[in-house]
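J.:
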DNA sequence: TCTCCGCAAAATGGATACAATCTCGCAGCG
DNA sequence: CGCTGCGAGATTGTATCCATTTTGCGGAGA
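Residue numbers (the numbering used here), protein chains in the order written: chain S, 1 to 240; chain W, 241 to 480.
1) Report, in whole angstroms, the separation of the C-beta atoms of residue 243 of chain S and residue 180 of chain S, which I expect to be a contact under 8 Å.
2) Assuming residue 320 of chain W and residue 14 of chain S are in contact, meaning their beta carbons sit under 8 Å apart, how far apart are those beta carbons, in whole angstroms?
3) Suppose you measure from the CA of residue 478 of chain W to the CA of residue 195 of chain S; what does that come to, to the nearest Å?
4) Going by the CB atoms, is the gap between residue 60 of chain S and residue 70 of chain S shorter than 8 Å?
5) With contact counted as at least three CB pairs below 8 Å, one residue from each stretch, are the stretch 107-116 of chain S and the stretch 350-357 of chain W in contact?
6) In chain order, which continuous runs of the beta strand (DSSP E) of length 3 or greater are located wholly inside the stretch 297-370 of chain W?
7) What does a CB cutoff of less than 6 Å around residue 246 of chain S pick up in its chain, not counting 5 residues either side in sequence?
8) When you compare the CB of residue 102 of chain S with every CB in chain W, is at least one pair closer than 8 Å?
9) Measuring CA to CA, which of W:404, W:290, W:424 and W:339 is closest to residue 482 of chain W?
10) Less than 8 Å between CB atoms is the rule here; does residue 57 of chain S satisfy it with respect to chain W?
11) Start and end of the alpha helix (DSSP H) containing residue 8 of chain S?
12) Roughly how far, in whole angstroms, is the beta-carbon of residue 162 of chain S from the beta-carbon of residue 296 of chain W, given that I think they are within contact range, below 8 Å?
13) With DSSP as the reference, identify every bridge partner of residue 31 of chain S, one or two as the case may be.
14) So for residue 454 of chain W, helix, strand or coil by DSSP?
15) Below 8 Å on the Cβ atoms is my contact criterion, and I expect residue 260 of chain W with residue 152 of chain S to pass it. Report the Cβ-Cβ distance as a whole number of Å.
16) Could you check whether the stretch 158-174 of chain S touches the stretch 123-135 of chain S, counting it as contact only if at least three pairs of C-beta atoms, one from each stretch, sit closer than 8 Å?
17) State the Cα-Cα distance for the pair residue 426 of chain W and residue 443 of chain W, rounded to the nearest angstrom.
18) Indicate the three-state DSSP secondary structure (helix, strand or coil) for residue 436 of chain W in the structure shown.
19) How is the alpha helix (DSSP H) around residue 154 of chain S delimited, first residue to last?
20) Around the C-beta of residue 128 of chain S, are 16 or more other C-beta atoms found within 10 angstroms, so that it is buried, or is it exposed?
21) Which residues, in chain order, does the stretch 72-105 of chain S contribute to contact with chain W at a C-beta distance below 9 Å?
22) Taking only beta-carbon positions, decide if residue 451 of chain W is within less than 8 Å of chain S.
23) Would you tell me roughly how many angstroms separate the C-alpha atoms of residue 249 of chain W and residue 44 of chain S, rounded to the nearest one?
24) Checking 8 Å against the spacing of the C-beta atoms, do residue 166 of chain S and residue 78 of chain S come in under that value?
25) Name, going along the chain, the residues of the stretch 391-406 of chain W whose beta-carbon falls closer than 9 Å to a beta-carbon of chain S.
26) Ordered along the chain, which non-local residues of its own chain (more than five positions away) have a Cβ less than 6 Å from that of residue 101 of chain S?
27) Please report whether the beta-carbon of residue 53 of chain S lies at a distance below 8 Å from any beta-carbon of chain W.
28) For residue 280 of chain W, which of W:293, W:416, W:264 and W:252 has the nearest alpha-carbon?
29) Shorter than 8 Å from the beta carbon of residue 304 of chain W to some beta carbon of chain S?
30) Residues in the same chain with beta-carbon distance under 8 Å from residue 307 of chain W, minus the five sequence neighbours each way, listed in chain order, please.
31) Give me the subset of the stretch 9-20 of chain S whose CB atoms are less than 9 Å from a CB atom of chain W, sorted by chain position.
32) Spatial neighbours of residue 106 of chain S within its chain, please: C-beta separation below 8 Å, excluding the five flanking residues on both sides.
33) Taking residue 205 of chain S as the reference, which of S:144, S:217, S:216 and S:222 has the closest Cα?
34) So what's residue 266 of chain W in DSSP terms, helix, strand or just coil?
35) Closer than 8 Å, CB to CB, is residue 384 of chain W near chain S or not?
36) Against chain S, does residue 457 of chain W count as a neighbour if the rule is that its beta carbon must be under 8 Å from one of theirs?
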């Protein structure tokens with residue numbers, strides 16, 4: 001769905017999304033319409049529109065006459081979403097290769113690869129470089145997605161980002177080796193796409209996304225509360 | 241999103257979905273709130289809730305202060321959705337095989353296969369048997385989906401059904417050879433799942449769904465108007 | 001005749017009021 | 001002592017009203 005941030009309801013939608021992703025509204029918590037409307041300084045009508053939107057996005061659960069609650073995402077659910085994202089992004093590689101990537105797109109990938117190389121050149125992970133890295137990463141995946149000429153595919157992947165912590169805005173920025181390997185995946189994916197090797201690019205992309213999921217879940221298991229808080233604030237600060 | 245059809249808004253959502261899928265509201269047509277509210281016998285408030293829901297489902301387009309229009313789906317878009325459905329359902333096979341299918345589920349698949357065999361036993365396609373076939377087909381795909389213990393996967397596949405004619409409720413019921421082959425796919429998928437051969441089941445499922453898409457698109461190209469009208473009424477009569 | 005401006009009608013967005021439903025505690029009974 | 005049923009408060013669902021924006025027609029001027 002196209003969002004034009006002109007109406008009050010759209011503003012409320014964005015505000016609520018941030019509140020949920022940032023943890024201001026806790027998973028499982030019930031959403032009081034009167035209370036929230038007063039907090040946001042609007043009436044219940046646009047608020048309800050926003051709530052319906054977020055429920056359809058999968059961030060809220062709804063039950064008749066019992067209102068909305070913030071959806072709870074188990075670790076299993078997060079794993080599930082990575083499984084979905086991995087096959088969708090892999091399919092994007094197949095389609096892009098089949099159609100044939102444009103030179104403009106391949107050049108854009110090269111520029112993004114260079115950006116990543118520069119960030120990693122120092123041999124260590126500078127926390128200050130995280131936002132730039134995140135932006136590079138999002139653009140890289142977006143560029144492939146756009147090249148498919150399959151807007152639905154992009155829509156579906158965007159939906160996976162509605163699950164907290166699955167977004168490619170969330171990066172585990174603490175292990176140089178892992179990040180370096182991840183960027184090496186980017187290099188190999190770009191090379192495969194340039195060569196028209198769709199299945200090869202798809203295979204790399206599939207593992208690329210799946211491993212990110214495995215890593216995230218491992219961290220969540222090791223330190224559920226700490227990792228969760230850190231990652232949520234990480235995501236919230238990366239607003240699009 | 242869970243829909244419990246208790247409220248007026250939920251009823252309006254379902255009514256509108258049928259109107260769109262059945263073609264009562266034509267693609268590109270503008271949706272007048274006052275007019276529709278009167279037609280459905282309710283006020284604009286629940287109607288607007290329903291419109292917002294369907295817009296998020298992707299059946300309507302929305303623009304601020306200019307209301308809703310019925311979304312137009314090109315043939316390319318339909319092709320795109322089959323590409324998405326094929327990889328998602330294939331992934332469902334992988335997951336189900338990895339986890340290991342329960343005996344209850346395998347028995348259910350066997351019963352559904354038998355139902356299909358019985359319908360095909362006559363050696364020709366009886367139009368009267370279409371609803372039973374459609375039900376069998378939906379249940380077969382659903383059973384695999386449920387076995388993944390990945391509710392998100394089912395949610396995502398359900399979203400693909402919001403695109404007219406992509407739903408597995410829509411069957412091209414005119415070529416015995418093709419239907420027979422399709423059911424043979426079902427047999428092979430079930431056998432592979434029983435044997436724990438996830439990748440094999442996934443490969444068959446992928447082709448199974450993709451071919452259905454190719455077939456549908458070929459028909460749409462041959463006789464755009466006729467096939468479209470026939471299939472839409474086909475889908476509308478198959479309400480869940 | 002064409003274009004542009006402006007106003008009026010229509011349609012949407014939002015606020016408020018009212019109805020229906022649920023929640024939860026308390027009292028009465030077994 | 002625990003369970004059931006009732007009722008008041010809280011909360012959600014719907015209707016109606018008003019404000020804002022869009023749209024389209026018509027007239028004035030070039």
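Even for Gly, the Cβ is constructed at its ideal location relative to N, Cα and C.
T.: Quick answer:
1) The shown model of chain S, from 1 to 240, leaves out residue 243 of chain S, and the question about it has no answer.
2) Residue 320 of chain W to residue 14 of chain S, Cβ: 27 Å. No contact.
3) Bear in mind that a pLDDT of 44 at residue 478 of chain W, under 50, signals an unreliable position, so the model cannot answer this.
4) yes
5) no
6) 300-303 and 307-310
7) Past the boundaries of the shown model lies residue 246 of chain S; chain S is included only from 1 to 240, so the question cannot be answered.
8) no
9) There is simply no residue 482 of chain W to check, as chain W begins at 241 and stops at 480 in what is shown.
10) yes
11) 8-22
12) The Cβ separation is near 11 Å, so there is no contact.
13) S:68
14) helix
15) Residue 260 of chain W to residue 152 of chain S, Cβ: 17 Å. No contact.
16) yes
17) 12 Å
18) coil
19) 151-160
20) exposed
21) 76, 77, 79, 80, 81, 83, 84, 86, 87, 88, 90, 91, 94 and 95
22) no
23) 16 Å
24) yes
25) 391, 392, 393, 395, 396, 399, 400 and 403
26) 147 and 193
27) yes
28) W:252
29) yes
30) 270, 271, 272 and 273
31) 9 and 10
32) 190, 193 and 194
33) S:144
34) coil
35) no
36) no
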